[in-house]
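Participant:
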Amino acid sequence: MALRHLTSINDLTNEEIERIFLLAEDFLEDLGDRDLPARIGRSVDACAGAVMATVFYEPSTRTRLSFESAMCRLGGKVISSADPAASSTAKGETLADTARIVSAYADVIVLRHPLEGAARLAAQYSTVPVINGGDGAHEHPTQALCDLFTIQREKGALQNLNVALFGDLKNSRTIHSLAYALARFGANLLLMPAPGMELPGSVEHRLHGEFDYAPLNLGGNLPDGVTKVYGLNDAVVNSAIDVLYLTRFQKERWTDTKRHYPVVNRELVAAPCFRQSLVMHALPRAGELDPAFDSDPRAAYFRQASYGVPIRMALISLLLNHGAGGSLERFVGGFRATARSTLHKSGTLCSNFNCISHVEGRVHRERLAIKPERPRCLYCDHEILQSPGE
Amino acid sequence: MALRHLTSINDLTNEEIERIFLLAEDFLEDLGDRDLPARIGRSVDACAGAVMATVFYEPSTRTRLSFESAMCRLGGKVISSADPAASSTAKGETLADTARIVSAYADVIVLRHPLEGAARLAAQYSTVPVINGGDGAHEHPTQALCDLFTIQREKGALQNLNVALFGDLKNSRTIHSLAYALARFGANLLLMPAPGMELPGSVEHRLHGEFDYAPLNLGGNLPDGVTKVYGLNDAVVNSAIDVLYLTRFQKERWTDTKRHYPVVNRELVAAPCFRQSLVMHALPRAGELDPAFDSDPRAAYFRQASYGVPIRMALISLLLNHGAGGSLERFVGGFRATARSTLHKSGTLCSNFNCISHVEGRVHRERLAIKPERPRCLYCDHEILQSPGE
Amino acid sequence: MALRHLTSINDLTNEEIERIFLLAEDFLEDLGDRDLPARIGRSVDACAGAVMATVFYEPSTRTRLSFESAMCRLGGKVISSADPAASSTAKGETLADTARIVSAYADVIVLRHPLEGAARLAAQYSTVPVINGGDGAHEHPTQALCDLFTIQREKGALQNLNVALFGDLKNSRTIHSLAYALARFGANLLLMPAPGMELPGSVEHRLHGEFDYAPLNLGGNLPDGVTKVYGLNDAVVNSAIDVLYLTRFQKERWTDTKRHYPVVNRELVAAPCFRQSLVMHALPRAGELDPAFDSDPRAAYFRQASYGVPIRMALISLLLNHGAGGSLERFVGGFRATARSTLHKSGTLCSNFNCISHVEGRVHRERLAIKPERPRCLYCDHEILQSPGE
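Chains as they are written, first to last, in our numbering: chain V, 53 to 442; chain B, 53 to 442; chain W, 53 to 442.
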């Protein structure tokens, strides 16, 4: 039975994502609504006796706590290493060694790491499932699952929806994962970047090359600020925005002193095209989303956050019960299997200097391998610009 | 069913405090004494399936660990964010947003925060009960509950007891909470301040204005160092000290280079008036309480610390079962209800610069509201000195 | 019933160590192999309802996580204080007070501390069992248990084995604990120190004085780098190395700029004497052990790490059930009992400046006592060089 990991949203098929959503709905019902007395004793036993390790090399409150809450609600237990300075890494240990050791202590590992591709490297060495809790600017697949679930639950479906991506489209790992996932489910993407923070060319290239997405003609009634619309060639784009998805303003990345970062507030969403819009944000926010809007029924971000626990419950319970019958049987083929078969010693060094392969590659004396059929790094998915050794 | 919080000792009626004490006695019996073999398996199931979040923005070992131990003994589970630097706050998140998000992950939140009134602000936004684990110099209500419980359990009652408050009466949040609580139960307060560390005028004012306490005549046999005695007007103060309550010496606040901070040791408590005194201390201590006294039966501070777990078990289990019948039904009226009805936009800014309202008030674009009938800040209870807008 | 602690490997008799190993084998079987579906629900209930506190004053990932995983697998719960800066120690609390307080919250305490003898001082004040998770350069007894278990499990026995100790024999607390333990079980010790990092004279002295170990004649076929062989006088040392035990390279302690720290790699272990050698390492490693060797069946270090959980499960469950019948009844006599009877006020100050007695001794106004029959410090086991007061 092949081990299953979640290092990228693309480790899951569309059918598997839908199975996760169905199970999450069950858990939402099991946990009950927020009426307190009804909550007591509402955890389930799906993972009783199991232990999760959260290994976080970067600050996080909500991702770590929501994973830990999910494991508690499943009847399992949690061990945690959340202080990078207090870890064996401070003694010079490689991530490969840490993954091997921690997989002797736990039944599933959740990893956050500043380097891209870190989750895949850990998955290569772990003997238990590894879940990517964010690896540099690469992927944050469980955030993408929460986002998709919120849209599907509140809009009924994903196909043909108009989803506006607003703000910093350049640096947000959440936006990149979400764009691919929306493309796989047939939603149209309306790009509303902050000036100088456009979606990277490599992401656009991949939307085109892998998901058959192309720029569509802009309709005359689209809101100001939409610079491009991507969709399937036969998609019909009307002017109503179904989802307005904001990214967090990262002050240190904003160098345009003449202009302010765009803000979403009551005035902006008063335009007719936003009348039925879900307003979403992965949070935390830092000024780009006015709290005065919080009481508006279109404000979906706190509901979006609250789905984090049932979605992660569903994911953990399916990964841990994989192979015991009925769970993630139809998985496309985990990273491990793929990686093993395509690893070759005379590969090319990844051109992304934030890729884990530049650190651990040296330690393990393996140069980076690539998937022969697609010139992208096996760990961080970055396009290989030069491949002198091929 | 209104949500119940514990942000101040005054959120609880005397009857509710006594109900907590009764339940804590039950838990003490359930857990057994310290004989180890008998301890195994002695937890209870009152909160099985429930999840507590401890969110600590300030260092703490004993408060956090005793809350977490209490939840474990109740059969519940714990998620924790105890490293301020690793939190979403480092990314600029408001406490209001953190409270909303964490209340989607947990059934009860314990908060420690450096700003006064923080617990009340969190309670305003949380959808689950918030327990104040210490907010700046404002309140530390569960410490006050442990202190009261210790006195009642070891002295049989609280009314008419002579309680001497010793040391730094100026800066200790524990002393302020305890003084109000003792006044509500009719104990006499004998003030024994270190030089320059007298009880603040605002606390004396409130003892007088809200609890009908007045300075009493000093009896001739009172110990040296007693500067004032507060009690109900008809109280009879004899010369026997029932409780000697010490505060921790905070070196950075002691500027009197000519004198030493007063120390409690065997010599001091050899005086006749201390013959039956319980000696109490919230701990940790730092030189003001001689370890040579530890083996004296009057030394109650380690027993006082050990009551932290059963008291917190009782509190958590009553808060979580509130509304399920039989628990905190007769609560005077939580902060939420009160706050909502008295919030008005054109309020007065709090004159306490350590009040949470100066940070979050700006973010939420609401100026501070006050309770019209009593000119005190809604968050930190600080007296409003100037109210230009009224 | 005397309370049992584990502050030193010498707190356990050989028979007790073997009982721990038998129970660990049971737990290994209970937990099953690493096939995931079979793992779910495989925890046991030996410590259901019990709470463990991990109190770590120094960075650690693997020791803390393996203890916490062990407690989870036993059905118990964990509270943790792993950030020294966030602890009451930052407020000036003594370890004695911390031990007393935490023992009111938990049923067993695991302590890591930078000062030697810290675990013994904590055990003196705790009302629950204290387990030493590493105290300065003094001892790390649970690591020694894991090491011994690995050797016995994979080699069938300990007596008469040839165990080569390789690398930094001077500064490693693990090596010191392991050397005594191996001597107690009759293994021969082959010293292969890095230049300038020989085994301390005091350890050699103790091997001789307490365990009747003497330097043996070196056989002609021993590998290069063996400087001494210790064994029982009648031991027969052949040239086959049964175990090659490496220590971590600590860069800051290596001052020999002319030479490199010795490295274990495929070339080194190709020598005939290493043909059947288990290669062991407590990990983390930092360059002294080539990852290219990882796939060799003689590489035992990841299996060694994975035994950490069942060994600690066995230890915790025996300590917590001690006195309930059938557990550690035949214990030689815990530290507490011994210590109490030999403490005398007019003792000698320990000459080891990393000993806890130099900090806490002053606070408690007791000068260091020594065991009269053996001039070693009661806390850190360091030899007393001068004893002017005797």
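The beta carbon of each residue, even a glycine, is placed where N, CA and C say it ideally should be. Source: prediction; values computed, not measured.
Note down the Cα distance separating V180(B) from L83(V), rounded to an integer number of angstroms.
Facilitator: 14 Å
Participant: Helix, strand or coil: how does DSSP classify V361(B) here?
Facilitator: DSSP places V361(B) in helix when its eight states are reduced to three.
Participant: Whole angstroms are fine: how far does the CA of I61(B) sit from the CA of Y109(B)?
Facilitator: Near 21 Å, if we compare the C-alpha coordinates of I61(B) and Y109(B).
Participant: If you run the structure through DSSP and keep just helix, strand and coil, what is G185(B)?
Facilitator: strand
Participant: Measure the Cβ-Cβ separation of S118(B) and G283(B) and say whether it is below 8 Å.
Facilitator: no
Participant: Cα-Cα, which of Y265(V), V316(V), P324(V) is closest to L33(V)?
Facilitator: Residue 33(V) lies beyond the stretch modelled for chain V, which goes from 53 to 442, so this question has no answer here.
Participant: Which residues mark the beginning and the end of the beta strand (DSSP E) in which S132(W) is found?
Facilitator: Per DSSP, S132(W) belongs to the beta strand (DSSP E) from 129-133.
Participant: Express the C-alpha separation of Y431(V) and L372(V) in angstroms, rounding to a whole number.
Facilitator: 23 Å
Participant: Closer than 8 Å, CB to CB, is G144(V) near chain W or not?
Facilitator: It does; some Cβ of chain W falls within 8 Å.
Participant: How many Å lie between H57(V) and L197(B) at the Cα?
Facilitator: 48 Å
Participant: Taking 8 Å as the CB-CB cut-off, is E120(B) touching chain W?
Facilitator: yes
Participant: So, does the CB of I92(B) fall closer than 8 Å to a CB anywhere in chain W?
Facilitator: In this prediction, I92(B) scores a pLDDT of 43, lower than 50, which makes its location untrustworthy; the coordinate-derived value is nonetheless stated afterwards. Output row for I92(B): interface = yes.
Participant: As an exercise, report each continuous beta strand (DSSP E) stretch of at least 3 residues that is fully enclosed by the region 199-235 of chain V, in chain order.
Facilitator: 214-219
Participant: Is S291(B) close to chain W? Criterion is C-beta to C-beta, closer than 8 Å.
Facilitator: no
Participant: Label T307(W) either buried or exposed according to how many other C-beta atoms from any shown protein chain fall within 10 Å of its C-beta, with 16 as the threshold for buried.
Facilitator: exposed
Participant: Quick check on F405(B): buried or exposed, where buried means 16 or more other Cβ atoms within 10 Å of its Cβ?
Facilitator: exposed
Participant: Ends of the alpha helix (DSSP H) at G253(W)?
Facilitator: Unbroken alpha helix (DSSP H) run through G253(W): 253-263.
Participant: State the start and end residues of the unbroken beta strand (DSSP E) segment that holds A12(V).
Facilitator: Here chain V comprises residues numbered 53 to 442, so residue 12(V) is not present and cannot be evaluated.
Participant: With 8 Å as the threshold, decide whether the Cβ of R444(B) is near any Cβ in chain W.
Facilitator: The structure shown does not extend to residue 444(B), since chain B is modelled only from 53 to 442, so the question has no answer here.
Participant: By alpha-carbon positions, which one of F326(V), V315(V), S224(V), R114(V) ends up nearest to E340(V)?
Facilitator: V315(V)
Participant: Comparing alpha-carbon positions, which option in P267(W), D220(W), F237(W) lies nearest R305(W)?
Facilitator: Nearest to R305(W) by alpha-carbon distance, out of P267(W), D220(W), F237(W), is D220(W).
Participant: Counting pairs of beta carbons, one from the region 151-159 of chain B and one from the region 349-357 of chain V, are three or more of them closer than 8 Å?
Facilitator: yes
Participant: Quick check: A170(V) and I368(V), are their CB atoms within less than 8 Å of each other?
Facilitator: no
Participant: Going by the DSSP bridge assignment, what does A266(W) pair with across the sheet?
Facilitator: G283(W)
Participant: Check for me: the beta strand (DSSP E) holding I293(B) runs from which residue to which?
Facilitator: No beta strand (DSSP E) contains I293(B), which DSSP labels as neither H nor E.
Participant: Whose Cβ in chain A lies nearer than 7 Å to the Cβ of S133(B)?
Facilitator: No chain A appears in the structure shown, which is made up of the protein chains V, B and W.
Participant: Name the chain V residues whose beta carbon is nearer than 9 Å to that of R125(W)?
Facilitator: G101, V103, K129
Participant: Using a C-beta cutoff of 8 Å, does A391(B) count as contacting chain W?
Facilitator: Only weak support is given to the placement of A391(B): the predicted model assigns it a pLDDT of 33, under 50, and the value that follows is read from those uncertain coordinates. Chain W, which has no Cβ nearer than 8 Å to the Cβ of A391(B), makes this no.
Participant: Any beta carbon from chain B within less than 8 Å of V361(V)'s own beta carbon?
Facilitator: It does: the Cβ of V361(V) has a partner Cβ on chain B nearer than 8 Å.
Participant: Would you please verify whether the beta carbon of F345(V) is less than 8 Å from any beta carbon of chain B?
Facilitator: no
Participant: Using a C-beta cutoff of 8 Å, does L335(W) count as contacting chain V?
Facilitator: yes
Participant: From the DSSP output, in three-state form, read off H333(V) for me.
Facilitator: strand
Participant: Is there a Cβ of chain W sitting closer than 8 Å to that of D149(V), yes or no?
Facilitator: yes
Participant: Can you check whether the CB of E168(V) is closer than 8 Å to the CB of G188(V)?
Facilitator: yes
Participant: Check whether the Cβ of R152(W) lies closer than 8 Å to any Cβ atom in chain B.
Facilitator: yes
Participant: Locate the beta strand (DSSP E) running through M485(B), then write down its first and last residues.
Facilitator: Outside the modelled stretch of chain B, which goes from 53 to 442, sits residue 485(B), for which no answer is possible.
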